[in-house]
Amino acid sequence: MRRVVVAAAVGVMAQTAYAADMPDYGPLRGALVETPRVINWEGFYVGGQGGYGTSDMDFTNSTQGIVSNLLVNTAVQGALGVSSWPVLGKSSSHGQGWGGFVGYNAQWDDVVLGIEANYMHGNFGGSTSGSMARQISSGGVNYGAIYGASAGINVHDVGSARLRAGYAFGSFLPYAFGGVALGQADIVQSASVIGTDAGGTWVLSGSQVQNSHFIYGYSGGVGMDMMLYRGLFVRAEWEYQKFAAPINTAVSTVRGGIGYKF
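Below you can see the structure in the form of structure tokens.
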């Protein structure tokens, strides 16, 4: 019996040594399957950014309230409806700014969901001016008015509280977002009316100035984060913000930034 056990042991050792000397034929084992490496985006992150953008403003009715108050109970307003004249129109301008962002991501395989606070300080806005004149005769009296107005808005702080959704592949994280837009703006509106009625010619003027006026609206956009090395990433982004302000204003910006995920 002992001889049988020894012979079996010697046979196993010989077979093992023979297998170790055999060449490694990869095709006989089957091809190795590789999958793209997915970056871990989960956790808190913070970063800085700079941007360039366009402000689109609609000043059409921005001085209507001022003129309505100036001409309340006047014959010129009743005859000509001066306060509703479209003296001012739309305008666009360009601006730039800088700021930062902070947020948190949660990740399930390739899907990344998050919340982020985003801020920029800069100069986004513009101004315009215009005038109109009309006259009519009614009941033997000539009624006339020359209505001049100007308005401007400078949005110097813009921010958004967002919800993000992205899909991670390789080192890239493309994403879309939507949320609430907040801001502060300096707003100036002024108007004057030179009127003619049965009492002769007269001049009325008024203005309204609002500094650091709080504005709000909605925000949306798309972007791409790219991981560089161990939490350090860069960002490219486009954001559209629409504000419900005394002057109807929308700010669209393209941004570049750098951040770090903890």
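Residue numbers for the sequence shown, in mature numbering (1 follows the signal peptide of the UniProt record, and there is no 0): -19 to -1, 1 to 243. For each residue, glycine too, the CB sits at the ideal point set by N, CA and C.
Roughly how many angstroms lie between the CA atoms of Trp183 and Asn123, to the nearest whole one? For the purposes of this step, residue 183 is taken as residue 202 along the sequence shown, with counting starting at 1. For the purposes of this step, residue 123 is taken as residue 142 along the sequence shown, with counting starting at 1. Rounded to the nearest angstrom, the two C-alpha atoms are 14 angstroms apart.
DSSP three-state label for Arg10, please. Here the question's residue 10 lines up with position 29 in the sequence shown. In this prediction, Arg10 scores a pLDDT of 40, lower than 50, which makes its location untrustworthy; the coordinate-derived value is nonetheless stated afterwards. Looking at Arg10 - three-state DSSP - the assignment turns out to be helix.
Environment of Arg145 [buried if 16+ CB atoms lie within 10 Å]: Indexing the sequence shown from 1 puts residue 145 at position 164. Classification for Arg145: buried.
Segments of 3+ residues assigned as beta strand (DSSP E) that fall wholly inside the stretch 137 to 210: 153 to 178, 181 to 210
In the DSSP output, what is Trp79 paired with across the bridge? Along the sequence shown, one-based indexing puts residue 79 at 98. According to DSSP, Trp79 bridges with Gly31, His102.
With 16 other CB atoms within 10 Å as the buried threshold, where does Trp22 fall? In the sequence shown, counting from the first residue as 1, residue 22 sits at position 41. By the 10 Å Cβ count, Trp22 comes out buried.
Same chain only: Cβ atoms within 7 angstroms of Trp66, ignoring 5 sequence neighbours per side: Here residue 66 corresponds to residue number 85 of the sequence shown, with the count starting at 1. Answer for Trp66: Met113, Tyr128, listed in chain order.
Report the rounded CA-to-CA distance for Ser185 versus Thr230, giving the unit in angstroms. Translated into positions along the sequence shown, residue 185 becomes position 204. Translated into positions along the sequence shown, residue 230 becomes position 249. The displayed chain sequence assigns Leu, not Ser, to residue 185. If I take the Cα positions, the gap works out to 28 angstroms.
Shortest alpha-carbon distance to Val68 belongs to which of Ala130, Gln88, Gly204? As a first step, residue 68 must be located in the sequence shown, where it is residue number 87. Selected option, being the one with the closest Cα: Ala130.
Whole-Å CB distance - residue 244 paired with Ala126, under 8 angstroms assumed: Here the chain covers residues -19 to 243 and nothing more, so residue 244 does not appear.
Would you mind working out which of Gly81, Ala132, Val139 sits nearest Tyr26, comparing C-alpha positions? Residue 26 sits at position 45 when you count from the first residue of the sequence shown. Residue Gly81 is the option with its Cα nearest to Tyr26.
Bounding residues of the beta strand (DSSP E) (the contiguous stretch that carries Asn50): Residue mapping note: residue 50 aligns to position 69 of the sequence shown, counting from 1. Taken as a continuous stretch (DSSP letters only), Asn50 belongs to no beta strand (DSSP E), being part of the alpha helix (DSSP H) at 45 to 51.
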